[in-house]
Ligand SMILES: Cc1ncc(C[n+]2csc(CCOP(=O)(O)OP(=O)(O)O)c2C)c(N)n1
Ligand SMILES: Cc1ncc(C[n+]2csc(CCOP(=O)(O)OP(=O)(O)O)c2C)c(N)n1
Ligand SMILES: [Mg+2]
Ligand SMILES: [Mg+2]
């Protein structure tokens, strides 16, 4: 794929930059605020934060249309937000409230908001890649120029489903952007230890599609590259594979505590990464990097950015407060949605 | 992978050439002779002949040691023979006789002869690729320099298992030669219609291993290329992917009758290949090509080759006659080998 | 549901399937289909003529990637299509169990009803092929344990027609399991394009009074057994559930209430067969009707041999069913004599 | 089998598993193991210390490719190794059903006994995680239908120790299904390195006379229910099968002969649960012992909700088991009064 202008030379639109900034701070604060409730024990379940990966969430999705789609992973709060999902029903879903966008049935690992084109996350690795490919097939059959962004982690590239769906989308030139968030680790496993290529986007060659590895801490670079991939897809030229090099600051999931340092043992656990590594990545924090560009290129002042951040903090607080104030679902909800028809009264068992 | 001398310039050893020739005519006659009994209704089951693909069977396997392994596919009579399997127990197995190498339990699609290192065929696509990779892991753990040749068809390259096992073998540098017999079709589907690359060996790039596409009708070229891949594997340098371009002369399985010509309809069936295509490939018959080289380079005379062929015809006849003369297994055999312990008498049901 | 004129035509089992698919594609432009060798028509979907009529965008050969075949179906179904996926043979279908179990069956629930999942998956079963253990699985009991799936098992051209239409029209993911050996069986089927057999409705194939014989995907064997039993004076009521999920247990219970005895023939392996679950339901809700133990005639828990003489006796046969019923009836009659 | 001195030590469920694996690796150099996050020790296999003791060639993190994790195990096992594969969570394991069903279970048969298949596969189950339907499967009923596999279900540190050793030493592919919520449970276990619980042997957890309570992977719930029942004067005999394949049906039958009543609690989904098959076996071979219908207390046929208040009631609870038993005993007592 030959990307025309470099992202550095490009004339960036102020509104776009501010929108990216807004979405990225929204994600960061959303994740942080939710953790507070989680740690307090207000709600249960695994919670995988996108902190550190905000650019990878926003860069590809910020310019999508409402009629485009995204599919996600177990770490998908950020994808939802970047695709424009309302925060209240998202927070309520993670909490497991009746007001959740999935009625509290899915939770953190299965967020979906069809109203904004978010077709759902899979808590099983690569589980939504077939869905993304099918959604792209639907776009093609419908004759639209809609696209699908399919997120997955570095932990997915050795699953059979990665191969099957990339081949399918490539062979039929379906409009999918396969977006690998390479945050270096699958839980505690470094991708280099389990994967036969050093650069994941090399695998695009196996499907005869464009592949590109980009700095996933730099929203602008990523956005720029994705825009061309999206344009290709809209034009019927088929899928691309984009690898965003990024990093998760926190542990795999919020409540997990691992030793830091690859030789460090604590009980039965052994560390898998050094604190120096974490710090090095944090030096390149995607929000700070973007803010620096915005301010440096005089698109906006620091105080303007501050204002945006304050607005987002307020929004995020409201959202989690909404979740806190909502009720749990009726037990009745156990009996609906497994089949198109609710389980009939005489087929139910008394549960409580 | 840089193959040093070309196969054309190489000084071929006469014994090797004659051994290849012998094994190739053995395969061809074995397949033909078996078909006679099958068509007469003497035995049942699918029967997938390697006729036209003899070079792809023999080229990679002829120089393997007894301590090397091979894994196969639904079309594996030829692999067995090329690995040195005795013909009688093979024929008896295909027939379903008690004297079969698998006691008649496996049949044509599951031939295996552990005594010669043939670890078994899978009638499910790519089903033995994990086994091949595991066998290679065993070689590595045992510290031997043994290798495994893993056969599969062009119909397998889009299965998840292809991806998972190639990545695994590549990451750990396991001694496997992944040998794709690209006979152009998976039953009636041309590989180009379902596969995103035009040259299958390109997929090697995705695993950072050598990949090479060779003329699979030319036993010498294939042998030459495989020898280097095998040497690499023995030296601990890991797997290779080799695509042998070949052709099956007959229908997918012996009793299938398809219209010839891609526009031809007969009942509910439509043809998928032209007779001109079949004829063009037959022009390059692997046995004729090899014989021409042997005679042309004066390694042996036509009459010597004739003598070999006659010997093989006799052997093959004996083998099938042995199968014909053998008994069916006892019904008792239903109760053994599913578990390590035979099903106990009180757990059996009366079947007849 | 049938047309009032009740007109019929004669087709084979495989033609009944092909007609049903073609008619539903005609009726609903959202119905699309893929599977191996669709284009050449080899796999009994009438692919070649479907392409001629509906175009290559609605009928195609996918890459050979069973798991993605189902995954892509879930995605396209979420956006309003009604895909039919032919997975051909039960063993190939295990390659797709991830997407069947984890996605197809549960996206509706996971996303609180936002996603529909109206796909139909065809899984064929070979039981007389001498193909060996890689082509002879009968895995419907495995999928019966997965909530969210419906499972139907056509056994004649007529019910194939009715169940296929029901499956394609249903909003749940429906798995259609059938036996390849039925392909050439012929029967009159209703002309009515809206002839639908509701999913979850069993058929009483033959009425009887002495024993209830439930036949899970072995209707012919069971019917033949019932005829033999009639000759020795045992009147067997034969029930074909047609749907395994949801299961019409009421029809079975009503029959057992009448006969007092239950034998279930099932072509699946014995442990955790559909027969097991039917037995469990009757041992619970039909306990008071029972005058005898519940017997199951299944394939034993062994792999299927290639060798024909072995393969031909490993699946349930009419003889085995007859023997089981006879022993049961005689033993329980004797017992009742003693008790009375 | 236990050492005569009968000495014991106290460990958690997870430690019992780790010890058993380590001891078997010490005993047999052919035992090797892999699974996600083995090196960091996260997944409860004690990987970090195993690597220290046995080296990185016998204990490793594989590529995340579940189907290949099992496929490679089948290959290495065919050449004399005894691999243990940790598939971690039941839902991940469906990714590997192809290789479990098609290869691991049947290479021995297919090749007429030439191939051994001595692998052990660990499949964990989450039932209190609020993880939603992608992390809460309980799929042992599906694999029970597959001939050639053995399936064990440890429920305490002691039986985990004994069953893990049995599994690793067995020449069949053995699937070990356990529940993650047991991890921290503590108990005295025998020191004896040869303490093995034979596969196919049930345990009578508590003796009783009024009802047999079989507990499939929900021993705690069942035991608590039995205690509650004792308070209201119902004496329940609790049986933990420990192995589902082969199943020790004789122990269950002997109990039902004594009690006349059977209730089976099973954490799997109701349709085609292990409970179904146990009920079917008793409805056949134990029919004459029964004084009441056979009841099953399972997870209903629905997907598992994320929301905690819903998740916490969807799996079998002691309260549900108590209620079921009480109703059954009272109803059948009443019935007997009428009959007598
Ligand atoms: C099929 C499957 N196998 C294993 C897991 C367990 N698991 C959950 S998250 C995870 C790591 C995923 O890594 P990656 O894809 O890089 O995503 P990240 O967590 O880094 O965002 C694993 C192995 C799973 N959820 N599904
Ligand atoms: C998992 C699986 N899917 C589908 C099939 C059906 N099938 C049997 S052979 C075959 C074609 C295989 O083509 P290829 O791999 O090119 O081998 P060839 O027959 O050409 O030698 C197919 C699709 C199968 N056996 N296993
Ligand atoms: Mg990662
Ligand atoms: Mg081919």
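Residue numbers (the numbering used here), protein chains in the order written: chain A, 3 to 354; chain B, 3 to 354; chain C, 3 to 342; chain D, 3 to 342. Even glycine gets a Cβ: it sits at the ideal position worked out from N, Cα and C.
Item: Interface flag, residue 4(C) vs chain A, CB-CB below 8 Å; Value: Below a pLDDT of 50, predicted positions are generally treated as unreliable, and residue 4(C), at 47, falls in that range; the measurement from the model is reported next regardless. Answer no: the Cβ-Cβ gap between residue 4(C) and chain A never drops below 8 Å.
Item: 9 Å Cβ cut-off: residues of chain B touching residue 164(A); Value: 162 and 165
Item: Check whether residue 46(C) and residue 271(B) have beta carbons under 8 Å apart; Value: no
Item: Heavy atom of ligand 2 within 7 Å of residue 164(B) beta-carbon; Value: no
Item: Inter-stretch contact at 8 Å, needing at least 3 Cβ pairs: the segment 321-340 of chain C / the segment 199-213 of chain C; Value: yes
Item: Rounded straight-line distance, which links the Cα of residue 341(B) to that of residue 264(B); Value: 47 Å
Item: Chain-order list of residues whose beta-carbon lies under 6 Å from that of residue 4(D) (same chain, five-residue window excluded); Value: Low confidence applies here, because residue 4(D) scores a pLDDT of 47, under 50, leaving its location unreliable and the question unanswered by this model.
Item: Supposed contact pair residue 18(A) and residue 64(A) - C-beta distance, whole angstroms, cut 8 Å; Value: 7 Å
Item: Whole-angstrom distance between residue 221(B) and residue 16(B), CA atom to CA atom; Value: 14 Å
Item: Residue-chain proximity (residue 149(C), chain A), Cβ-Cβ < 8 Å; Value: yes
Item: Residue-chain proximity (residue 146(A), chain B), Cβ-Cβ < 8 Å; Value: no
Item: Assigned exposure category for residue 69(B) - 16 Cβ within 10 Å defines buried; Value: exposed
Item: Ligand 3 heavy atom lying under 7 Å from the CB of residue 161(C); Value: no
Item: Alpha-carbon to alpha-carbon, residue 27(A) and residue 56(A); Value: 8 Å
Item: Beta-carbon proximity of residue 201(D) to residue 154(D), cut-off 8 Å; Value: yes
Item: Check: residue 92(C) C-beta below 7 Å from any heavy atom of ligand 4; Value: no
Item: Whole beta strand (DSSP E) elements within the segment 220-255 of chain A, 3-residue minimum; Value: 242-247
Item: CA-to-CA distance, residue 196(A) to residue 351(D), given in whole angstroms; Value: Nothing can be reported for residue 351(D), as the shown portion of chain D is limited to 3 through 342.
Item: Any C-beta of chain D under 8 Å from that of residue 79(B); Value: no
Item: Range covered by the alpha helix (DSSP H) that runs through residue 240(C); Value: Taken as a continuous stretch (DSSP letters only), residue 240(C) belongs to no alpha helix (DSSP H), being part of the beta strand (DSSP E) at 238-242.
Item: Three-state secondary structure assigned by DSSP to residue 76(B); Value: coil
Item: Reduced DSSP category for residue 128(A) - H, G, I as helix; E, B as strand; rest coil; Value: coil
Item: Residue 57(A) beta carbon near ligand 3 (any heavy atom closer than 7 Å); Value: no
Item: Other residues of its chain near residue 128(A): CB distance less than 7 Å, five sequence neighbours each side excluded; Value: 154, 158, 161, 163 and 164
Item: Distance between residue 87(D) and residue 2(C) (C-alpha atoms, nearest Å); Value: Nothing can be reported for residue 2(C): it is not among the residues displayed for chain C, which extend from 3 to 342.
Item: Touching by the beta-carbon criterion (3+ pairs, under 8 Å), the segment 129-142 of chain C and the segment 110-122 of chain A; Value: no
Item: Inter-residue Cα distance where the pair is residue 92(A) and residue 123(B); Value: 50 Å
Item: Status (buried if at least 16 other CB within 10 Å, exposed otherwise) for residue 299(A); Value: exposed
Item: Beta carbon of residue 111(D) nearer than 8 Å to that of residue 305(C); Value: yes
Item: Any non-hydrogen atom of ligand 6 closer than 7 Å to residue 187(B) Cβ; Value: Absence of ligand 6 from the depicted structure is noted, with ligand 1, ligand 2, ligand 3 and ligand 4 being the only ligands included.
Item: Paired residues, beta bridge with residue 154(A) - DSSP; Value: 182(A)
Item: Residue 282(B) burial status per 10 Å Cβ neighbour count (16 or more: buried); Value: exposed
Item: Short-range partners of chain A found in the segment 259-286 of chain B, where Cβ spacing is below 7 Å; Value: none
Item: Residue 21(A) versus residue 213(A): straight-line alpha-carbon distance, rounded; Value: 27 Å
Item: Nearest-angstrom Cβ-Cβ length linking residue 216(A) and residue 227(A), presumed shorter than 8 Å; Value: 5 Å
Item: Any chain B beta carbon closer than 8 Å to residue 128(D); Value: no
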